[in-house]
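K.L.:
One structure coming up, written as structure tokens, with questions to follow.
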Amino acid sequence: MKRLFYFLILLLGCSSCDSLLDVEPRNGITFEHYFRTEQDLEALVLQMHGTLRASLGQISYHDHMGLKVDVVKENTNFQKVRSLNAAYLVQKSNQEQWKRYYNVLALADLYLDNYKKAQNVSEARLKYYLGQVNFVRAVCYFYLARDWGEAIITKGSMYTDCYAKSSVETVLDTAINTALRAYNLLPKYEGLKDSKNNTLTSKQYGCKGNTAALLAHLYAWKGSVMNREADLVNAETWASKLIEPEFRDEVGVYTLAVNPEEVCTEVMHRKSAESLFELEISYSDATTYPVFLPASYLIGAPVMKNEEKADIRDKNYGMSIPMIEEMYPVGDGRREAYFYKLDDPEWRTEGLAFLYKWRYARYGASQSGESWFVGFDLNKVIFRLADIYLLRAECRVKLGDVAGAKSDLGVIRQRAGAKAWPSENDSGDLQYDIFKEREKELLHEGHRYYDVIRNGYWNTEFDSNFPKLSETEVKDGALYLPVPQTAFSDNDLMIQNTYWVSKMK
39 MKRLFYFLIL LLGCSSCDSL LDVEPRNGIT FEHYFRTEQD LEALVLQMHG TLRASLGQIS
99 YHDHMGLKVD VVKENTNFQK VRSLNAAYLV QKSNQEQWKR YYNVLALADL YLDNYKKAQN
159 VSEARLKYYL GQVNFVRAVC YFYLARDWGE AIITKGSMYT DCYAKSSVET VLDTAINTAL
219 RAYNLLPKYE GLKDSKNNTL TSKQYGCKGN TAALLAHLYA WKGSVMNREA DLVNAETWAS
279 KLIEPEFRDE VGVYTLAVNP EEVCTEVMHR KSAESLFELE ISYSDATTYP VFLPASYLIG
339 APVMKNEEKA DIRDKNYGMS IPMIEEMYPV GDGRREAYFY KLDDPEWRTE GLAFLYKWRY
399 ARYGASQSGE SWFVGFDLNK VIFRLADIYL LRAECRVKLG DVAGAKSDLG VIRQRAGAKA
459 WPSENDSGDL QYDIFKEREK ELLHEGHRYY DVIRNGYWNT EFDSNFPKLS ETEVKDGALY
519 LPVPQTAFSD NDLMIQNTYW VSKMK
């Protein structure tokens, strides 16, 4: 295994013309003698998951744009990002890089081009590793499709010619087909094993459950942004596999936490029965991943034990108490669980709510007793069952199944102790109210930007430059990120999307 890790270092460190794909170079290295055993295959799959964790652990511009906040620190880059400030976003040094996903895909291509060389590996284990590789590939293409729209589809580890971007539909179809292959290859969560037959408990590894969640999101995204009813039907079908008891033998058992308090103490911690897919981040990773939650920019006292209440005003983002009171009426259990003592006069003096949804942090300490924040002691949840209920509700209302949508919405509201739809706090537009429920339930979990885009609400839910966008500008790619300039190096087939080209002149 050590020999493979050595060559993986070379894979990500040598120089060559691979810049035309915008991945760390790998040319000139042969792996002919390094795919002989199951341990070699397992090592590469572990490296793949580690690189995926680093990629998804970053907080993206779309995460910032989607944060539900009404206080943003002035004269900061955060303000520029959230306002869709084109002059800032197109600067080469500011551009969000897609390289982090292509580094993962490069490892996946390397595996696919070499795994058949391994000897004495059972068909069951080959199937498992191939399932992991396809799961990771599908996740990467899912993120590329949502953030950049048009993107490159890789052609294997030995391909060195120029790459052109593929259409949004092609990228999504690639992600969907790859995820379908993964689903057919992978076991249920309960059946995950390593090469020594030890049970794997991490919810980052691909399994039928998180692959079904990925497929539900993929189909929901494609059906919404491309107006394809058949894809919305598929999204509902895959969501149902995770919700309906009749599919448990096929996909595994996932259950909602009892109440919002348990969402905070168990689901937002790690490895709960509600969680479907989460990044595995242990305490030993804290210095490497100190900030991996979009909510990191809001969390203060009492979670941050070395901060005073007044320090909340120095955060980059804030949520005013009136905004939270409007979102979560008295009686909604999330009001008490997600926020610390919201109705206690002693905790209202700053005018801002104290986020309490993520509660576990680690601290370092000196011999003199001085302490400092090291990092959050929890995993990053990507998909959970409540998300899937509300995603199915969204798809159902778009398909005209009002009763089914109300039923799914009702499950999440009942868990929270909130009033059934429609209530005096609802708009009466079921699709919009489902969107607002996702906003409340999944607060700061990284979904909101994509929820806004899927439902077509960018001109009302976002401010500054978003409402000024014309239909043509949206069609030309304004809601996607600009292709990073590094992707154009030695690649004359690469083109920028139309909207961002107009902003670079």
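Each residue of the sequence shown is one higher than the one before, counting from 39 in this note's numbering. Don't be surprised by glycine CBs; every beta carbon is placed ideally from N, CA and C. A quick note: this is a predicted structure, and the numbers were derived from the prediction, not measured.
1. Whose CA, out of Glu299, His87 and Arg308, lies closest to the CA of Gly244?
2. Is the Cβ-Cβ distance between Leu223 and Gly187 less than 8 Å?
3. I need the boundaries of the alpha helix (DSSP H) containing Arg430, first residue and last residue.
4. In this structure, what does DSSP give as the bridge partners for Tyr401?
5. What residue does the beta strand (DSSP E) around Phe315 start on, and which one ends it?
6. Let me check understanding here. Comparing Cα to Cα, which of Ala213, Ile359 and Ala295 lies closest to Lys383?
7. Kindly indicate which three-state DSSP category Leu416 falls into: helix, strand or coil?
8. Lys478 lies in the alpha helix (DSSP H); which residues open and close that run?
9. Which word fits Glu374, buried or exposed, when buried means at least 16 other C-beta atoms lie within 10 angstroms of its C-beta?
10. Leu79 and Phe504: beta carbons closer than 8 Å?
11. Check whether the stretch 171–178 touches the stretch 199–211, taking contact to mean three or more Cβ pairs, one atom from each stretch, closer than 8 Å.
12. Using a 10 Å radius around the Cβ and a threshold of 16 neighbouring Cβ atoms, would you call Asn115 buried or exposed?
13. Is Val109 helix, strand or coil when you go by DSSP?
14. Rounded to a whole number of angstroms, what is the C-alpha to C-alpha distance between Tyr179 and Asp514?
15. Suppose the cutoff is 8 Å on Cβ atoms and the five residues either side in sequence are ignored; what does the same chain contact list for Ala189 look like?
16. Once DSSP output is grouped into helix, strand and coil, what is the label at Lys457?
17. Checking the sheet assignment: what are the DSSP bridge partners for Lys231?
18. Mapping DSSP to helix, strand and coil, what is Tyr488?
19. Distance, Cα to Cα, Gly407 vs Glu345?
20. Going by C-alpha to C-alpha distance, which of Arg308, Pro225, Ala251 and Gln405 sits closest to Asp287?
21. Do the stretch 288–297 and the stretch 417–437 make contact, defined as three or more Cβ pairs closer than 8 Å?
22. With C-beta atoms as the reference, is Glu138 less than 8 Å away from Ala213?
23. On a CA-only basis, which of Val435, Lys478 and Lys418 is nearest Lys241? Give me that one, please.
24. Would you mind reading off the limits of the alpha helix (DSSP H) that contains Asn141?
25. Would you list the one or two residues that DSSP bridges to Ser358?
26. In whole angstroms, give me the CA-to-CA distance for Ala339 and Ile350.
27. What is the DSSP secondary structure of Val262, counted as helix, strand or coil?
28. Does the beta-carbon of Pro520 have 16 or more other beta-carbons within 10 angstroms, so that it is buried, or is it exposed?
29. Which residue comes first and which comes last in the alpha helix (DSSP H) that contains Asp370?
30. By how many angstroms is the C-alpha of Ala81 removed from the C-alpha of Phe43?
31. For Ala273, report the span of its alpha helix (DSSP H) as first-last.
32. Between the C-alpha atoms of Lys457 and Leu253, what's the straight-line distance to the nearest angstrom?
33. Rounded to whole angstroms, what's the CA-CA distance from Lys543 to Val119? Just pull it up for me.
34. Between the beta-carbon of Met357 and the beta-carbon of Leu331, is there less than 8 Å?
35. Using the three-state DSSP reduction, which class does Ser204 fall into: helix, strand or coil?
36. Considering only C-alpha positions, which residue in the set Glu134, Gln469, Val109 and Gly194 is nearest to Leu150?
P.N.:
So, from the listed chains and residues:
1. If we check each option's Cα against that of Gly244, His87 comes out closest.
2. no
3. Leu423 to Lys436
4. Phe411
5. For Phe315, the enclosing beta strand (DSSP E) begins and ends at Ser313 to Leu317.
6. It should be noted that the sequence gives Pro, not Lys, for residue 383. That would be Ile359, whose Cα lies nearest to the Cα of Pro383.
7. DSSP places Leu416 in coil when its eight states are reduced to three.
8. Note, Lys478: alpha helix (DSSP H), Leu468 to Glu479.
9. Classification of Glu374: buried, given that the 10 Å Cβ count is 16 or more.
10. For Leu79 and Phe504, no; Cβs fall outside 8 Å.
11. no
12. Answer is exposed; the Cβ neighbour count stays below 16.
13. Three-state result, Val109: strand.
14. 20 Å
15. Trp136, Tyr179, Leu182, Ala183, Lys203, Ser204 and Val209
16. coil
17. Thr237
18. helix
19. 15 Å
20. Pro225
21. Result yes; three or more Cβ-Cβ pairs closer than 8 Å.
22. As written in the sequence, residue 138 is Arg, which differs from the Glu given in the question. No, the Cβ-Cβ distance between Arg138 and Ala213 is not below 8 Å.
23. Lys418
24. Lys137 to Asn152
25. Leu390
26. 7 Å
27. Position check: residue 262 holds Ser in this sequence, whereas Val was assumed. Ser262: helix per DSSP, three-state reduction.
28. buried
29. No alpha helix (DSSP H) contains Asp370, which DSSP labels as neither H nor E.
30. Caution is warranted here: a pLDDT of 42 is assigned to Phe43, below 50, making its placement in the model unreliable, and no coordinate value can be reported.
31. Glu267 to Ile281
32. About 31 Å.
33. In this structure, the alpha-carbon of Lys543 lies about 19 Å from that of Val119.
34. no
35. strand
36. Gly194
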